[in-house]
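Working notes, structure below.
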Amino acid sequence: MTEKELTPAEEAAARAKEKAEQDALPYKWTQTIGDLDITFSVPGNLKGRDLVVDIKKDSISAGVKGQDPIIKGTLPHLIRPDDSTWTLSSAPGGTKLVEIHLDKVNKMEWWAHAVTSAPRIDVSKIVPDNSKLSELDGETRGMVEKMMYDQRQKEQGLPTSDEQKKADILKKFQEQHPEMDFSKAKIS
0 MTEKELTPAE
10 EAAARAKEKA
20 EQDALPYKWT
30 QTIGDLDITF
40 SVPGNLKGRD
50 LVVDIKKDSI
60 SAGVKGQDPI
70 IKGTLPHLIR
80 PDDSTWTLSS
90 APGGTKLVEI
100 HLDKVNKMEW
110 WAHAVTSAPR
120 IDVSKIVPDN
130 SKLSELDGET
140 RGMVEKMMYD
150 QRQKEQGLPT
160 SDEQKKADIL
170 KKFQEQHPEM
180 DFSKAKIS
């Protein structure tokens, strides 16, 4: 069953509702495909020792000591706590800003919310920033370069890297077994 297309008015209403829900949160959050950043303001007289920030692989709790946490809950996906950080910095208006950086385990997935108890966003509407090949990790870069190569090959009517590999294996096998007749062989 497919979801029906929203009219422009329904789409605008959905966006407005989503924005209102996100604006009502006591924190702000942004993400890239590989990490998630959460920020919130605290009084300017606070120091790092006045805060409690607990970052675990599947949950987070952060706020001012002795008060209810500003953000607390289960993360929708796993993070790497050892590669995640938080900082406290001065902000305009005599306040300070708590910035929490979470390193996602799965760097190929957008999160619909920062914690599972928070309102969701429509991740299908996310338009990622263009990235340079040089910014990708080695494995991802190799995969993207292979996909680009295969796409160029297809456009030119040439074999993809996998098809070429199969053809090379078959050719080598034929050379090793000249007594066999491959004229009627169908290779797929």
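Note that numbering that gives the first Met the number 0 has the sequence shown beginning at 0, numbered continuously upward.
Even for Gly, the Cβ is constructed at its ideal location relative to N, Cα and C.
Taking buried to mean at least 16 other C-beta atoms within 10 Å of its own C-beta, is L101 buried or exposed?
-> The residue in question, L101, is buried, as its Cβ has 16 or more Cβ neighbours within 10 Å.
Please classify T139: does DSSP put it in a helix, a strand, or coil?
-> Note: T139 maps to helix in three-state DSSP.
Let me know if M0 comes out buried or exposed under the rule of 16 or more other beta-carbons within 10 Å of its beta-carbon.
-> Residue placement at M0 cannot be trusted, given a pLDDT of 42 that sits under 50; what the coordinates show is reported in the next sentence. Taking a 10 Å sphere around the C-beta of M0, we find fewer than 16 other C-beta atoms and assign the residue as exposed.
Counting pairs of beta carbons, one from the region 36 to 56 and one from the region 81 to 97, are three or more of them closer than 8 angstroms?
-> Because the criterion of three Cβ pairs below 8 angstroms is met, the region 36 to 56 and the region 81 to 97 touch.
Taking the CB atoms as reference points, tell me whether R119 and A113 lie closer together than 8 angstroms.
-> It is not a contact, given that the beta carbons lie outside the stated cut-off.
Beta-bridge partners of T73, as assigned by DSSP = S58.
Same chain only: Cβ atoms within 7 angstroms of P75, ignoring 5 sequence neighbours per side | The beta carbon of P75 sits closer than 7 angstroms to the beta carbons of W110, A111, H112 and T115 from its chain, once the five residues preceding and following it are set aside; these are given in chain order.
Identify which residue in S40, G33 and D34 has its Cα closest to the Cα of K27.
-> Nearest of S40, G33 and D34 to K27, Cα basis: S40.
So, are the CB atoms of I32 and K106 less than 8 angstroms apart?
-> Taking 8 angstroms as the cut-off, the beta carbon of I32 is found closer than this to the beta carbon of K106.
Between the beta-carbon of I59 and the beta-carbon of I70, is there less than 8 angstroms?
-> Yes.
List the endpoints of the continuous beta strand (DSSP E) containing E98.
-> Judged by DSSP secondary structure, E98 falls within the beta strand (DSSP E) whose first and last residues are T94 to D102.
Thinking C-beta only, is I99 closer than 8 angstroms to D49?
-> At least 8 angstroms separates the beta-carbon of D49 from that of I99.
Pick from T94, Q66, T73 and P68: whose alpha carbon is nearest that of K56?
-> The shortest Cα separation from K56 among T94, Q66, T73 and P68 belongs to T73.
Helix or strand or just coil, what does DSSP make of Q30?
-> DSSP places Q30 in the strand class (E or B) of the three-state scheme.
Chain-order list of residues whose beta-carbon lies under 7 angstroms from that of H145 (same chain, five-residue window excluded) | The amino acid at residue 145 is misidentified as His; the sequence shows Lys. Spatial neighbours of K145 in its own chain (CB-CB distance under 7 angstroms, excluding positions within 5 residues in sequence) are listed in chain order as S160.
Could you please give me the residues that DSSP links to I120 through a beta bridge?
-> BP columns for I120 are empty, so no partner.
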